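Heads up, the final residue of the sequence shown is numbered 1471 in my numbering, and it's a clean run with no missing numbers. Note that beta-carbon positions come from the ideal geometry of N, C-alpha and C, so glycine has one too. Values in this document were obtained by computation on a predicted structure and should not be read as measured data.
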Amino acid sequence: DAVIKDFLITASDGKSYHTMHYNLDMVISVGYRIKSQIATRFRIWATERLKEYLIKGFTMNDELLKEAGGGSYFDELLARIRDIRSSEKVFWRKVLDIYATSIDYNPRSDLSREFFKVIQNKMHWASHGHTAAEIIYQRADAGKANMGLTNWPGTQLRKADTEIAKNYLNQEELDLLNRIVSMYLDFAELQALNRTPMYMKDWISKLDEFLKLSGRDILVHAGSIAHEDAIQKARLEYEKWHHEQLSEPTAAEKHFVEALQEVKQITKQFKPKRKK
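Structure, rendered in structure tokens:
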């Protein structure tokens, strides 16, 4: 990429001026190497941003996002936050925080253990018309690329990743699920702030009310596939898929074979002809 580029910029006086713009990677690199007051101020600012990122896991320019809504970057930020909120660990923790405000809350009761499954299945059903178990059972397929998964954390597909229904959803389904989860958590937190006495079963009713208000289908049955059957299917498919992956040559092995073929071709070209 070019290090410097000239852009025509319209100023506040309405006139256009030729303005030099510098490559961001170059600016950062130079800012950490040269000795000057401006470079020192840059390093202080950059170090503060890096420190905030390492401590919190994020860093934000609040004023930029507030002005003009932040443009497309703001929409991207909201989408990423919704995706984080709907991850099983975050969602489970938030739901438990809300659920713990119930009058009859008992973390060891069967109702408590089933609560998360019910909430999760109702949200999946509202998003794409299937329970979490049905999605896993129907889409886990060793014959498909990445076993049918569309997203997962990290670069390597693990067995645990195949047991999470959200990982099989396409982009449209995933976006809808993320939005429903995010809105429900806000709704439930508002209910908790009202300090209205709530029993555990009341939270299920509140979710149904929320989904009905949102115009989504409400799950009123347990689904056609048991959770245990879905997990067993996912594990069997993973074993088959993993075996196929091990039997395939690695990228390094493929490169070696290609190089070997090239050497053979070169050898044939320069092989001396036999005298008759």
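Notebook entry, point to check: Are there three or more Cβ pairs, one per stretch, closer than 8 Å when the region 1287–1299 is compared with the region 1346–1361?
Noted result: No contact exists between the region 1287–1299 and the region 1346–1361.
Next item on the list: Any chance you could list the alpha helix (DSSP H) runs of at least 4 consecutive residues sitting entirely within the region 1365–1438, in chain order?
Entry: The region 1365–1438 contains these whole alpha helix (DSSP H) runs: 1366–1388 and 1395–1408.
Next item on the list: Please classify L1455: does DSSP put it in a helix, a strand, or coil?
Entry: Three-state DSSP puts L1455 in a helix.
Item checked: Closest by C-alpha distance to L1219, when choosing among A1383, L1372 and F1237 -> The shortest Cα separation from L1219 among A1383, L1372 and F1237 belongs to F1237.
Notebook entry, point to check: Would you say the region 1397–1412 touches the region 1371–1388, given that touching needs at least three Cβ pairs under 8 Å?
Noted result: The way I'd put it, the region 1397–1412 does touch the region 1371–1388; three or more beta-carbon pairs between them come closer than 8 Å.
Note to self: By DSSP's criteria, M1215 is part of a beta bridge. Which residues make up the other side?
What the structure shows: According to DSSP, M1215 bridges with D1201.
Notebook entry, point to check: Who are the Cβ neighbours of A1429 in its own chain at under 7 Å, not counting the five residues just before and after it?
Noted result: So the list reads I1331, A1335, T1357 and E1358, once near-sequence residues are dropped.
Check: For T1254, which residues of its own chain have a beta-carbon under 6 Å away from its beta-carbon, when the five flanking residues on both sides are left out?
Finding: Same-chain partners within the cutoff: R1244, E1247 and Y1248.
Notebook entry, point to check: Going along the chain, which residues of its own chain have a beta-carbon closer than 7 Å to the beta-carbon of I1194, five neighbours each way excluded?
Noted result: Nothing in the structure corresponds to residue 1194, since the chain is present only between 1196 and 1471.
Checklist line | Nearest candidate by alpha-carbon position, reference K1361, set N1373, T1350 and Q1351 | finding: The candidate whose alpha carbon is nearest that of K1361 is N1373.
Margin query: Can you look up G1474 in the DSSP assignment and give me helix, strand or coil?
Written below: The requested residue 1474 is not part of the displayed model; the chain covers only 1196 to 1471.
Notebook entry, point to check: Is the Cβ-Cβ distance between M1342 and E1432 less than 8 Å?
Noted result: The Cβ atoms of M1342 and E1432 sit closer than 8 Å to each other.
Checklist line | Same chain, Cβ closer than 8 Å to L1376, five either side skipped, listed in chain order | finding: At residue 1376 the sequence reads Val, which differs from the Leu that was named. If we look at V1376 and ignore the five residues flanking it on each side, its Cβ neighbours are R1277, R1280, S1281, F1286 and M1318.
Item checked: Three-way DSSP call (helix, strand, coil) for K1339 in this model -> The answer is coil: DSSP assigns K1339 none of H, G, I, E or B.
Check: What separation, rounded to the nearest whole angstrom, lies between the Cα atoms of G1349 and A1328?
Finding: Straight-line Cα distance between these residues: approximately 23 Å.
Item checked: D1208 in three-state terms, based on DSSP -> In the structure shown, D1208 sits in coil (DSSP, three-state: anything other than H, G, I, E or B).
Next item on the list: Count the other C-beta atoms from every protein chain shown that fall within 10 angstroms of the C-beta of L1512, then say buried if there are 16 or more, exposed otherwise.
Entry: Since the first residue shown for the chain is 1196 and the last is 1471, residue 1512 is missing from the structure and cannot be characterised.
Check: So, is S1409 buried or exposed, given that buried needs 16 or more other C-beta atoms within 10 angstroms?
Finding: Counting Cβ neighbours within 10 Å, S1409 comes out exposed, since fewer than 16 surround it.
Next item on the list: If I'm right that M1215 touches I1199 with Cβ under 8 Å, what's the distance once you round it to whole angstroms?
Entry: 6 Å between Cβ atoms; contact.
Next item on the list: Buried or exposed for N1316, please, with buried defined as at least 16 other CB atoms from any protein chain shown within 10 angstroms of its CB.
Entry: Per the 10 Å Cβ criterion, buried.
Next item on the list: Between the Cα of S1419 and those of S1304, Q1427 and Q1333, spot the shortest distance and give me the residue it belongs to.
Entry: Among S1304, Q1427 and Q1333, the Cα nearest to that of S1419 is on Q1333.
Margin query: Could you check whether Y1294 and M1378 sit closer than 8 Å to each other, using their CB atoms as the reference points?
Written below: The answer is no: Cβ separation not under 8 Å.
Next item on the list: Would you mind sorting A1321 into buried or exposed? The rule is 16 or more other CB atoms within 10 Å of its CB.
Entry: Taking every protein chain shown into account, the CB of A1321 has 16 or more other CB atoms within 10 angstroms, so this residue is buried.
Note to self: Which of the three DSSP states is assigned to S1231 in this structure?
What the structure shows: In the structure shown, S1231 sits in coil (DSSP, three-state: anything other than H, G, I, E or B).
Notebook entry, point to check: Straight-line CA distance for L1414 to L1406?
Noted result: When rounded, the distance between both Cα atoms is 10 Å.
Item checked: Burial state of M1393 (16 or more Cβ within 10 Å) -> M1393 should be labelled buried.
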